[in-house]
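J.:
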Amino acid sequence: MTAPDPTHPYASPPAPDGVHYRACNLCEAICGLKITVQGGRVTDVRGDPDDPLSRGHICPKGTALPDLHADPDRLKTPMRRVGDSWEPMEWEAALDYVAAQLRAVREQHGADAVATFQGNPSVHNSGTLLSAGAFLKALGSRSRYTATSIDQLPHHFAGAEMFGHPLMLPIPDVDRTDFFLMMGANPLASNGSIMTAPGIRDRLKAIRARGGRVVLLDPRRTESAEYATDFHHIRPGTDALFLLALLNEVFASGLQRTAHLGGVMTGLGALKAAAAPFTPEAVEARTGVSASVTRELARAFASAPRAAAYGRIGLSIQEFGGLCQWLVNALNAVTGHLDTEGGAMFPSPAFDLLAGAKAGATHHGRHHTRVRGLPEFDGELPNVALAEEILTPGDGQIRALITVAGNPVLSVPDGQALDRALSGLDFMVSIDPYLNETTRHAHVILPPAFGLEVPHYDVIFHHFAVRNTARYSQPVFPIRDDQRFDSQIFAGLVQRLTGKALATPEQRLSAGLAHGRSGLTLDDLKANPHGVDLGPLQPCLPGRLLTATGELHLAPAPMLADLPRLQATLDQTPEPLVLIGRRQLRSNNSWMHNTPRLMRGPDRCTVQLNPADAQGLEHGQTILIRSRVGQITAPLEITDTVMPGVACLPHGFGHARGGTRLSTAAQHAGASLNDLTDPGRIDALTGNAAVNGTPITVHAAEQVGESAAD
């Protein structure tokens, strides 16, 4: 491991020698780490075997934490853009300037003219998560956008409609199940997503070792398929049809089991009627899954004593994402596998964001975007609307933007359009440690301390974990005098905008623990650096339900109203070729591509095609990929792991844009998936971006070039 240069202007103070324990906060797995420091620098990183959740597991991203800390491209002091160059600022002057600019836009154009975008890393840092809300409140703007409506909004929509709260998400009890049905998920690459399950490889192997089944359906035979007992290709965007066919067979075979929740579940008859038209035979031509396979899986799943269905990103980022996540929950519920050991269960986190939640609250549709009229959810607007809300003149036009730990130019549909939109803003500020494809448009960058420098508690991911645990991470490295924590940045802006002081993250964490049911205090967590084991998931219904009636809604009205849109697809001819995304273990969206050890090896930004779709093309050649909104080039990888009619490209690349300061990422630039994705394709039910299933054409790049020359 290369030691940081102590003479570098961004060098950090040395860490105290010894062994440090903390959770990795780079992805949802929150693995416990054992970090050895000698001579003031990190000399070893490995999994903490005493962490009760991760049990010693570590992935390549965890080993790269010290590299991120020592990255010479990191910003540590405020920067102001002057023409095409950047000049440093003092913190107090920078905060004064930013607050004054935001106030001026708000006073001239109204509060909604100031928009915010929070990226995925926001939820991996408790300092941000526990402080940003007060800043958003101080702005008073309804123009709020986050990464949620890129990949997971359908989960939260289904949770709110069925159980009464966006964070009421059933999590597979993988450590005790005997039948694990996965759709559109690749936990071997993600370590679980909306399922915090570090070391998932061993957990899947354990299911098989005890005689259980692991069934996976996906358009691509992923890394996770190697640990499945059964794998089936399914056409992108047809998962809701398949799930309805499963339910149809469960009802037709009389295999529903609802006694344990029968007194609190409503809508069973409506759900049965909704599934009636979708027989296995009716959907097999559209899904590509044979009726015989569908029937066998439905009967085996319903008959298993302990089973859990789980659908992740492939189900969420399509035109029927909301229906998919509803139907996954409904399948678990009607087969007796919801809120039962080995089924889909609800975690009980020590810091419980549901502790103060009010039953019967409205979570969506309270206001809409100005241009397309897309509804908000949980106070957030669909990010597919961000570019048009900036570019379209008129009252309420977005004139200023604050980005927090996000890179939407590479993550939201039609990144080229958003790139153009950002260049015309009156004012933009980014709270981010990097000069990337998005923050290059900012007028000011306020870089927070992060990674090994920050104290951390996983506020969100304990709500999604397969076991109840709690862990507080102390910083490994102290920060320099001229650095600031993100909470300090938010507190400084709130004070300037409102005159009010902001509680510290530790104060908010202590208060949250006091309202929880674990009895833990922050001092307890500090005294247990490996974490505290609170045991396996436990049944909690109906007590945890937050619907107005206190009941579980199997057939919410918005879902039933959306079914005709799905049924109409049965008569549609599939597009000849559609694009889907790809997760990679050594990557995390766009923000892990500046780490040399993670970018070693062959080019990973390749487009995968089935041999049937690669006629006249050669493995390794550069091909041109076109969609309605854009075009890119990428090396071709011919493989039968993807089904015919499907192309597959990883997300998060596209680092060739000028004006950034990402030296390693620029050497592995790749192409951006989201230069092809179409902001006009959304899940009409939830507003989530329909990233998967984008219709495309592919051509040999040299042939296209020759045609253009002619």
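Per my numbering, residue 16 is the first one in the sequence shown, and the count goes up by one each step.
Note that beta-carbon positions come from the ideal geometry of N, C-alpha and C, so glycine has one too.
Quick check on the DSSP output: the beta strand (DSSP E) that includes Leu688 runs from which residue to which?
T.: Position 673 of the sequence shown holds residue 688. Looking at the DSSP string, Leu688 is not in any beta strand (DSSP E), and its letter there is neither H nor E.
J.: Are the CB atoms of Ala153 and Thr513 nearer to each other than 8 Å?
T.: Numbered from its first residue, the sequence shown carries residue 153 at position 138. Numbered from its first residue, the sequence shown carries residue 513 at position 498. Yes. Within cutoff.
J.: Whole angstroms are fine: how far does the CA of Arg672 sit from the CA of Ala680?
T.: Looking up residue 680 in the sequence shown gives position 665. Looking up residue 672 in the sequence shown gives position 657. Approximately 11 Å, taken between the alpha carbons.
J.: Would you call the segment 74-87 and the segment 245-256 in contact, with 3 or more CB pairs under 8 Å?
T.: As far as the Cβ criterion goes, the segment 74-87 does not touch the segment 245-256, which means the pair count is below three.
J.: Assign Ala572 to one of two classes, buried (16 or more other C-beta atoms within 10 Å of its C-beta) or exposed (fewer than that).
T.: Counting from 1 along the sequence shown, the entry for residue 572 is found at position 557. Classification for Ala572: exposed.
J.: Which one or two residues does DSSP pair with Asn483 in a beta bridge?
T.: One-based indexing of the sequence shown puts residue 483 at position 468. Looking at the DSSP assignment, Asn483 forms a beta bridge with Gly550.
J.: Give the list of continuous beta strand (DSSP E) stretches no shorter than 3 residues that lie fully inside the segment 133-180.
T.: Counting only runs of 3 or more, we get 159-161.
J.: Starting from Leu90, trace the beta strand (DSSP E) in both directions and tell me its first and last residue.
T.: In the sequence shown, counting from the first residue as 1, residue 90 sits at position 75. Where Leu90 is concerned, there is no enclosing beta strand (DSSP E), given that its DSSP letter is neither H nor E.
J.: Measuring CB to CB, does Ala557 end up less than 8 Å from Gly565?
T.: Taking the sequence shown and counting its residues from 1, one reaches residue 557 at position 542. Taking the sequence shown and counting its residues from 1, one reaches residue 565 at position 550. Going by the sequence as given, residue 557 is Pro instead of Ala. Their beta carbons are under 8 Å apart, which means Pro557 touches Gly565 by this criterion.
J.: Determine the contact status of Leu416 and Phe132, defining contact as a CB-CB distance below 8 Å.
T.: Your numbering for residue 416 matches position 401 in the sequence shown. Your numbering for residue 132 matches position 117 in the sequence shown. It is a contact, given that the beta carbons lie within the stated cut-off.
J.: Look at the Cβ atom of Ile711, then the Cβ atom of Arg641, and state whether they are nearer than 8 Å.
T.: Indexing the sequence shown from 1 puts residue 711 at position 696. Indexing the sequence shown from 1 puts residue 641 at position 626. Closer than 8 Å, so yes.
J.: Evaluate Pro626 with the Cβ neighbour count: other Cβ atoms within 10 Å of its Cβ, from every protein chain shown; 16 or more gives buried, anything less gives exposed.
T.: The residue given as residue 626 occupies position 611 in the sequence shown. Pro626 comes out exposed.
J.: Among His530, Ala108, Arg612 and Lys49, which has the Cα closest to the Cα of Ile460?
T.: One-based indexing of the sequence shown puts residue 460 at position 445. Cα-wise, what sits closest to Ile460 is Ala108.
J.: Between Arg121, Leu90, Gly351 and Pro64, which lies nearest to Gln412 when the distance is taken from Cα to Cα?
T.: The residue given as residue 412 occupies position 397 in the sequence shown. Out of Arg121, Leu90, Gly351 and Pro64, Arg121 has the C-alpha closest to the C-alpha of Gln412.
J.: What's the call for Lys91, buried or exposed, on a 16-neighbour Cβ count within 10 Å?
T.: Counted from its first residue, the sequence shown places residue 91 at position 76. Buried.
J.: For Ala243 and Leu231, which I take to be in contact (beta-carbon distance under 8 Å), what is that distance rounded to the nearest angstrom?
T.: As a working note, residue 243 is residue 228 in the sequence shown. As a working note, residue 231 is residue 216 in the sequence shown. Yes, Ala243 and Leu231 are in contact; Cβ-Cβ is about 4 Å, under 8 Å.
J.: Among residues of its own chain, excluding the 5 on either side of Leu535, which ones have a beta-carbon nearer than 7 Å to its beta-carbon?
T.: Mapped onto the sequence shown, residue 535 falls at position 520. These residues qualify, in order along the chain: Ala365, Ala485, Leu528 and Val547.
J.: Check whether the Cβ atoms of His37 and Val706 lie closer than 8 Å to each other.
T.: For the purposes of this step, residue 37 is identified with residue 22 of the sequence shown, where counting begins at 1. For the purposes of this step, residue 706 is identified with residue 691 of the sequence shown, where counting begins at 1. For the sequence presented, residue 37 should be read as Arg rather than His. No, these two residues do not count as a Cβ contact at 8 Å.
J.: Just how far apart, CA to CA, sit His714 and Glu633?
T.: Counted from its first residue, the sequence shown places residue 714 at position 699. Counted from its first residue, the sequence shown places residue 633 at position 618. Rounded to whole angstroms, His714 to Glu633 spans 11 Å at the Cα level.
J.: Between Asn707 and chain D, is there a C-beta pair that is closer than 8 Å?
T.: In the displayed structure, chain D is absent; only one protein chain is listed.
J.: I need the DSSP call for Gln412, collapsed to helix, strand or coil.
T.: Mapped onto the sequence shown, residue 412 falls at position 397. The answer is coil: DSSP assigns Gln412 none of H, G, I, E or B.
J.: Closest to Gly375 by C-alpha separation, out of Val57, Thr161, Arg218 and Arg559, would be which residue?
T.: As a first step, residue 375 must be located in the sequence shown, where it is residue number 360. Comparing Cα-Cα distances from Gly375 to each of Val57, Thr161, Arg218 and Arg559, the minimum goes to Arg559.
J.: If we count the other Cβ atoms within 10 Å of its Cβ and call it buried at 16 or more, is Ala324 buried or exposed?
T.: Stepping through the sequence shown from its first residue, residue 324 is reached at position 309. Looking at its Cβ environment, which holds 16 or more other Cβ atoms inside 10 Å, Ala324 is buried.
J.: By how many angstroms is the C-alpha of Ala436 removed from the C-alpha of Thr384?
T.: Reading the sequence shown from its first residue, position 369 is the one you call residue 384. Reading the sequence shown from its first residue, position 421 is the one you call residue 436. Computed Cα separation, rounded: 16 Å.
J.: State whether the segment 324-344 contacts the segment 194-201, with contact taken as three or more CB pairs (one from each stretch) at a distance under 8 Å.
T.: Because the criterion of three Cβ pairs below 8 Å is met, the segment 324-344 and the segment 194-201 touch.
J.: Assign Glu403 to one of three DSSP states: helix, strand, or coil.
T.: Here residue 403 corresponds to residue number 388 of the sequence shown, with the count starting at 1. It is helical.
J.: Thinking just about the alpha-carbon of each residue, which of Ala576, Ala44, Val419 and His382 is nearest to the one in Asp127?
T.: Against the sequence shown, residue 127 aligns to sequence position 112. Per the Cα distances, His382.
J.: Using only the alpha-carbon positions, how far apart do Phe1 and Val661 sit?
T.: The first residue shown for the chain is 16 and the last is 725, placing residue 1 beyond what the model contains.
J.: Kindly give me the distance between the Cβ atoms of Phe335 and Asp693, rounded to whole angstroms, as I take these residues to be in contact under 8 Å.
T.: The residue you call residue 335 lines up with position 320 of the sequence shown. The residue you call residue 693 lines up with position 678 of the sequence shown. Not a contact, Cβ separation roughly 16 Å.
J.: Ala583: buried (16+ other C-beta within 10 angstroms of its C-beta) or exposed?
T.: Position 568 of the sequence shown, counted from the first residue, corresponds to residue 583. Exposed: under 16 other Cβ atoms inside 10 Å.
J.: Relative to the C-alpha of Glu452, which candidate in Pro423, Leu467 and Phe479 has its C-alpha closest?
T.: Counting from 1 along the sequence shown, the entry for residue 452 is found at position 437. It is Pro423.
J.: Along the chain, where does the alpha helix (DSSP H) that runs through Cys663 open and close?
T.: Reading the sequence shown from its first residue, position 648 is the one you call residue 663. Per DSSP, Cys663 belongs to no alpha helix (DSSP H); it is in the beta strand (DSSP E), Val661 to Pro665.
J.: Would you tell me roughly how many angstroms separate the C-alpha atoms of Arg517 and Ile504, rounded to the nearest one?
T.: The residue you call residue 517 lines up with position 502 of the sequence shown. The residue you call residue 504 lines up with position 489 of the sequence shown. One detail in the question is off: residue 517 reads as Leu in this sequence, not Arg. Taking the straight line from one Cα to the other gives about 11 Å.
J.: Counting C-beta neighbours from all protein chains within 10 Å, is the total for Thr161 16 or more, i.e. buried, or is it exposed?
T.: Mapped onto the sequence shown, residue 161 falls at position 146. So Thr161 ends up on the buried side.
J.: For Gly720, name the three-state secondary structure that DSSP assigns.
T.: Residue 720 sits at position 705 when you count from the first residue of the sequence shown. Residue placement at Gly720 is poorly supported in this model, since its pLDDT is 49, which falls under 50; the coordinates still yield a value, given next. Helix.
J.: Is DSSP giving Ala300 helix, strand or coil here?
T.: Within the sequence shown, the letter at position 285 stands for residue 300. DSSP places Ala300 in helix when its eight states are reduced to three.
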